[in-house]
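First residue of the sequence shown? That's 171 in the working numbering, and the numbers climb one at a time after it.
Scroll down for the structure; my scribbles are underneath it.
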Amino acid sequence: MTKQVKPTAALKQRLTTEEYAVTQHAATEPAFTGKYDQFFEPGIYVDVVSGQPLFSSTAKYDSGCGWPAFTQPIDPQNVVEHTDHSFGMVRQEVISREANSHLGHVFTDGPAAQGGLRYCINSAALRFIPADQLTTAGYGDFAQLFATQGGAHRD
171 MTKQVKPTAA LKQRLTTEEY AVTQHAATEP AFTGKYDQFF EPGIYVDVVS GQPLFSSTAK
231 YDSGCGWPAF TQPIDPQNVV EHTDHSFGMV RQEVISREAN SHLGHVFTDG PAAQGGLRYC
291 INSAALRFIP ADQLTTAGYG DFAQLFATQG GAHRD
């Protein structure tokens with residue numbers, strides 16, 4: 171008989187300490203330290219836990235906040251927002267629908283021309299899939315996002 175590994179134990183083995191703390195315990199990586207903060211290559215960002223598509227580089231911009239910022243999710247159905255009352259503040263927490271991973275928070279101070287939202291997301295919650303590897307990685311449905319666009323902008 172084989173011993174069943176609990177999902178928590180499996181996640182701890184698969185994720186880095188920071189990825190686990192951020193996605194499973196709503197930790198926040200220090201500002202300006204995440205690998206995707208100043209990263210602007212064309213592609214999509216998926217949940218590091220489940221691989222669920224979350225954000226596109228076409229909606230990424232440099233907000234100066236110290237974390238990757240997006241104007242919108244790749245599909246609004248893939249993220250869920252909850253009111254977060256931690257640290258004496260009221261904020262909107264963003265989690266992934268499929269894995270219930272903590273991603274970050276959404277604020278209403280984003281670029282007005284793109285809807286006014288700023289999804290402030292921890293790099294540790296994300297895995298980047300380059301645009302030229304979408305099909306081979308199983309995300310070919312998103313390749314059309316990059317057929318005529320550069321993939322990212324810096325407001």
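Think of the CB as a built atom: it goes at the ideal place given N, C-alpha and C, for glycine as much as any other residue.
Residues near residue i in its chain [Cβ-Cβ closer than 8 Å; skip 5 each side]
i, result
"Gln222", "Val216, Asn248, Ser266, Arg267, Glu268, Ala269"
"Glu199", "Glu188, Val192, Trp237, Asn292, Ser293, Ala294"
"Gln262", "Glu251, His252, Thr253, Asp254, His275, Val276, Phe277"
Integer-rounded CB distance, given that residue j should sit under 8 Å from residue i
i, j, result
"Val264", "His275", "6 Å"
"Ser293", "Asp207", "6 Å"
"Gly236", "Ala201", "3 Å"
"Thr253", "Gly285", "So it is not a contact: roughly 20 Å between Cβ atoms."
Close beta carbons around residue i, own chain, < 6 Å, minus the five adjacent residues each side
i, result
"Lys173", "In this prediction, Lys173 has a pLDDT of 40, which is less than 50 and means its spatial position is unreliable; nothing more can be read from the coordinates."
"Arg297", "Val216, Val218"
"Asp279", "Arg288"
"Glu304", "Before going on, a small fix: residue 304 reads as Leu here, not Glu. Answer for Leu304: Gly310, Phe312, Ala313, listed in chain order."
Nearest to residue i (by Cα), restricted to the options the options
i, options, result
"Leu273", "Tyr190, Thr305, Gln284, Gln183", "Tyr190"
"Ala301", "Ala179, Asp311, Asn292, Gln183", "Asp311"
"Thr393", "Thr228, Pro177, Phe210, Asp245", "Outside the shown range of the chain (171 to 325) lies residue 393, about which nothing can therefore be said."
"Phe316", "Pro212, His195, Val192, Gly286", "Pro212"
"Ile214", "Gln303, Thr305, Ile299", "Ile299"
"Glu251", "Ser220, Gly258, Gly234, Leu287", "Leu287"
"Thr203", "Ile244, Gly234, Ser226", "Gly234"
"Val260", "Ser226, Phe277, Pro246, Ile244", "Phe277"
"Ser290", "Ala283, Phe257, Pro243", "In the sequence on display, residue 290 carries Cys and not Ser. Among Ala283, Phe257, Pro243, the Cα nearest to that of Cys290 is on Pro243."
Range of the contiguous beta strand (DSSP E) that encloses residue i
i, result
"Tyr190", "First-last for Tyr190: 187–195, but that is the alpha helix (DSSP H), not the beta strand (DSSP E)."
"Pro223", "223–226"
"Arg297", "296–300"
"Phe262", "Checking the sequence, you will find Gln at residue 262 rather than Phe. Segment 261–266, the beta strand (DSSP E) holding Gln262."
"Asp254", "249–254"
Residues bridged to residue i (per DSSP)
i, result
"Arg288", "Phe277"
"Asp217", "Leu296"
"Lys182", "Note: Lys182 sits in no beta bridge, so no partner."
"Asp311", "Partner(s): none; Asp311 has no beta bridge."
"Lys230", "Phe240"
Contact set for residue i: own chain, Cβ-Cβ below 7 Å, skip 5 residues either direction
i, result
"Asp325", "Low confidence applies to Asp325: its pLDDT is 43, below 50, so where it sits in the model is not reliable enough to give any reading."
"Gln194", "Leu181"
"Met171", "Because the pLDDT of Met171 is 41, which lies under 50, any placement of that residue in the model is unreliable, and the number read from its coordinates should be weighed accordingly. Hits under 7 Å: none found."
"Ala307", "Ile299"
heavy atom of the ligand ADP below 7 Å from residue i C-beta
i, result
"Ala307", "With respect to the ligand ADP, the structure offers nothing, as it holds no ligand at all."
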